[in-house]
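Just remember that my numbering sits 4 ahead of the position in the sequence shown, which is counted from 1. Just so it is clear, CB atoms sit at the ideal spot from N, CA and C, and this is done for glycine as well.
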Amino acid sequence: MALLFIPGRGKDKCLEEFALPDFRFSFQLYGTHWRSAEQGWSYPEHDHPLLEINLVVEGFQKMIINGIPYEQFPGDLVIIPPGYTHESQTSDKEGVTYFCLHLDIEDRSLAYSIFHDPQLFYAAASRVAERLRPILDQIIEASRHSAAMNQLERMKLRTYVLQLIIVMIEHRLEGIDSLKSESGLRDESRGPSLEIIKLREQNALESRVQDLFYEQQPELPLDHSLFPPHRWIGLFTLTSPDREFWTKPDRFWAKSLLEDVLAHYGIGVIIIEASRMTAVLFSTDIAVPALEPYIEEARLCLEQKLAVQLAVGLGGVTADLASIRAMYEQSMRTFQGGLPDSTNNRTMNEFVHRIIRNAMSHIQYEYANRELSLSMLANRLDVTPNYLSALFTSETGLSFTRHLTQIRMERAKTLLRETNLKIYQICHNTGYSDQAYFSRLFKSLEGVSPYDYRIRSSTT
């Protein structure tokens, strides 16, 4: 509902009015870390769509930005605009201790004026460095204890970042003439890069998913268009007994590694909170995803590459967005009595009813059996057909018949695309005996006949 502002009783009674344009200002901090490295250490050339502030606390660092070297000694800092390539290295005789943060501001004109300062290097004695250093020192101190921050400390951290932004704005306002240049206005009008748009969209998605962890049963249905397409949603949580791990830059790498593992199975949304990392997997598979093997693959990958022991809390699998909170709570209950032994092959609780998982497994492997029916499946699972039907619908949101039809149609489409089998052969291979019925059903679901689907697929 739009906000309504009216001038009171009769606009003709107003003597004078002024109004500011609406605007939104938000910022995001990424990859903030402090690191001490010995001589010979280096970081390879890279770029990203964020503003980077890099302060040398002790020692020496050579920062090469867009091919130009800058030598940093204690107190010197560089401010690297988005998209600039940069790399860093120590000398052969001296190491470095540095602090680095990455910043995005979702306000086009403000971000442009701050992020495109022509000056990149600021010596320790410069006015900008002297004003930023006390603020950066406070952020450095906060980073040492980030895994155990309370609400007050998190609020203070946000005020430090706001203070940092204010100093940078004031610095740019001192060069106000450069902000008024015609070329600057043209550049500003280009808007954010595709990279930063994707990053902001990912942040918004992570925020929406995280909200579901703590949201009570919503009064209105959730808007599925705000989340990745899915038939199933799986959730699990990873944590480590080494609390120091969650204060180190490796946690950023852990998130990236986990995203890479889950990308093979769907769209993974990773939420890092305090001393744990929760993964929510959105899968479009027809069958219930086998979450346990995915989890084990992810755990082993992270343990091997990060040299850290991890424990797993399984939330389960669901077809209902509104059940994410319950799955998150289930994953947290795993750790209530202390961290579980990740090598213990105990049975994990499943959110989707195990009878339904078994039923779907049967359907997945026997969809081509023309005799497969709800009654046959219920008999195999030792339950009544009515109970299985009701359980199927309540757990998956689909009837048994609808689920079986989906699997058969997906298989039929694969055979149409990838083989030269005749239509009647595909009909028989997917569990149908009547080719005319199969063709009518296919067209009602796909909008085209099996023959036309094959022709269209071959041309694309």
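Reference residue i, options the options, closest by Cα
i	options	result
Phe77	Thr89, Tyr126, Tyr47 and Asp324	Tyr126
Arg303	Ser150, Leu242 and Leu105	Leu242
Glu375	Glu75, Glu20, His432 and Ala330	His432
Gly44	Phe27, Pro25, Lys66 and Phe29	Lys66
Asn424	Arg412, Ser461, Thr409 and Thr400	Ser461
Pro469	Asn362, Arg176, Ala326 and Asp254	The first residue shown for the chain is 5 and the last is 464, placing residue 469 beyond what the model contains.
Phe256	Phe29, Phe27, Leu19 and Leu33	Leu33
Gln167	Ala146, Ile139 and Met153	Ile139
Ile459	Ala23, Leu419 and Phe442	Leu419
Glu301	Val387, Glu263 and Arg280	Glu263
Phe29	Leu230, Ile57, Arg112 and Glu42	Arg112
Leu226	Arg406, Phe22 and Ser327	Ser327
Phe119	Arg415, His175 and Tyr371	His175
Ala278	Arg204, Glu145 and Arg158	Arg158
Ala146	Leu310, Leu177, Tyr436 and Lys252	Lys252
Ala372	Cys104, Thr400, Lys202 and Arg415	Arg415
Met172	Ala115, Tyr457 and Asp438	Ala115
Ala267	Phe286, Arg280 and Val312	Phe286
Asp108	Lys160, Arg204 and Tyr102	Arg204
Ser1	Thr400, Leu105, Gly63 and Ile290	The shown model of the chain, from 5 to 464, leaves out residue 1, and the question about it has no answer.
Thr434	Arg421, Arg247 and Lys417	Lys417
Glu42	Asp26, Ile143 and Gln93	Gln93
His234	Ser260, Ala291 and Val312	Ala291
Residue(s) in a DSSP beta bridge with residue i
i	result
Trp38	Phe103
Glu56	Ile84 and His106
His90	His50 and Ile69
Ile237	Phe286 and Thr322
Leu33	Leu107
Glu219	Looking at the DSSP assignment, Glu219 forms no beta bridge with any residue, so it has no partner.
Tyr74	Met67
Contact belief for residue i with residue j at Cβ below 8 Å, rounded distance in angstroms
i	j	result
Glu307	Leu314	6 Å
Arg137	Gly79	7 Å
Leu378	Leu385	11 Å between Cβ atoms; not a contact.
Leu59	Leu81	4 Å
Pro53	Glu210	Rounded, the Cβ-Cβ distance is 17 Å, inconsistent with contact.
Arg329	Phe217	6 Å
Leu124	Ile84	7 Å
Any 3 or more C-beta pairs closer than 8 Å across the region 425-438 and the region 389-398: Fewer than three beta-carbon pairs drawn from the region 425-438 and the region 389-398 are found closer than 8 Å, and the two stretches are therefore not classed as touching.
At least 3 beta-carbon pairs within less than 8 Å: the region 65-81 vs the region 32-39: Contact annotation: the region 65-81 does not touch the region 32-39, with fewer than three C-beta pairs closer than 8 Å.
Meets three-Cβ-pair contact criterion under 8 Å: the region 238-253 and the region 319-328: By the C-beta criterion, the region 238-253 is judged to be in contact with the region 319-328, since at least 3 inter-stretch pairs fall below 8 Å.
Within the region 273-333, ranges of the alpha helix (DSSP H) (whole runs, at least 4 residues): The alpha helix (DSSP H) runs of length 4 or more contained entirely in the region 273-333 are, from start to end of the chain, 295-310.
Meets three-Cβ-pair contact criterion under 8 Å: the region 44-55 and the region 82-100: The region 44-55, when compared against the region 82-100, does touch it at the 8 Å Cβ threshold.
Any alpha helix (DSSP H) of 4 or more consecutive residues that is wholly inside the region 358-397: Counting only runs of 4 or more, we get 358-370 and 378-385.
Secondary structure, alpha helix (DSSP H): runs of 4+ residues fully inside the region 106-169: Entirely contained in the region 106-169, the alpha helix (DSSP H) runs reaching 4 residues are, in chain order, 112-119 and 131-148.
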